[in-house]
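Residue numbers (the working numbering): 4 to 199. Quick reminder that beta carbons are idealized off the backbone N, C-alpha and C, glycines included. Since the structure comes first, as structure tokens, the remarks are kept for the end.
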Ligand SMILES: C[S@@+](CC[C@H](N)C(=O)[O-])C[C@H]1O[C@@H](n2cnc3c(N)ncnc32)[C@H](O)[C@@H]1O
């Protein structure tokens, strides 16, 4: 049996994922950020301390919760699936993390200029790849995939100089030329960007 830590600072993936209902836990290796990746990402996104960080498609909250427990950042997760938002909020409450919030909605409706930094784990992949479907409504839709990539690319192009993004997996087609690649790790899957 896995003993649950009272803090998320030292938690590992197996222990964290066991906090979820079985169906959500089973999706972790495909859809939720590994703990060590979340720690590397937030160290870059909140280097100064106290940054506003937006997770674009926060899923079951794994990146946001680990990031909140390991930084002074103010973290917001936006997620289109209401059941995942509810799970995320419950865990934030359980671990008394008061600098993390979750909103239920479409990331296209947010003003990116309100944030210092962004985390993006390939959220539109579900429109072109049905492996480990998040729910039964998941459909292939290449047009939607392309229009979301173009939309956030335009939004990233409008944010302030110095804004940071971490991308995990994917081709980074959503990152405009106005960003420079500062570093990469995890065999190139994790990329660190900054607005020029
Ligand atoms: C790969 S998961 C990443 C979850 C989380 N960021 C993490 O790393 O643990 C991507 C999530 O993005 C969500 N998503 C996809 N498109 C979205 C949209 N347009 N608005 C809000 N959420 C979206 C999906 O529902 C899914 O939960």
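Following the DSSP letters along the chain, one finds residue 194 inside the beta strand (DSSP E) bounded by residues 193-198.
Every beta strand (DSSP E) of 3 residues or more that sits fully in the region 102-152 is shown, in chain order, as 103-107 and 120-123. By the neighbour-count definition (other C-beta atoms within 10 Å, threshold 16), residue 37 is a buried residue. For residue 83, the shortest C-beta to heavy atom distance toward ligand 1 is below 6 Å. Judged by DSSP secondary structure, residue 58 falls within the beta strand (DSSP E) whose first and last residues are 55-59. Residue environment: residue 32 is assigned as exposed (fewer than 16 neighbouring CB atoms within 10 Å of its CB, all protein chains considered). Counting of Cβ neighbours within 10 angstroms places residue 81 among the buried residues, the total reaching 16 or more. Three or more pairs of CB atoms, one per stretch, sit closer than 8 Å, so the region 166-175 contacts the region 121-131.
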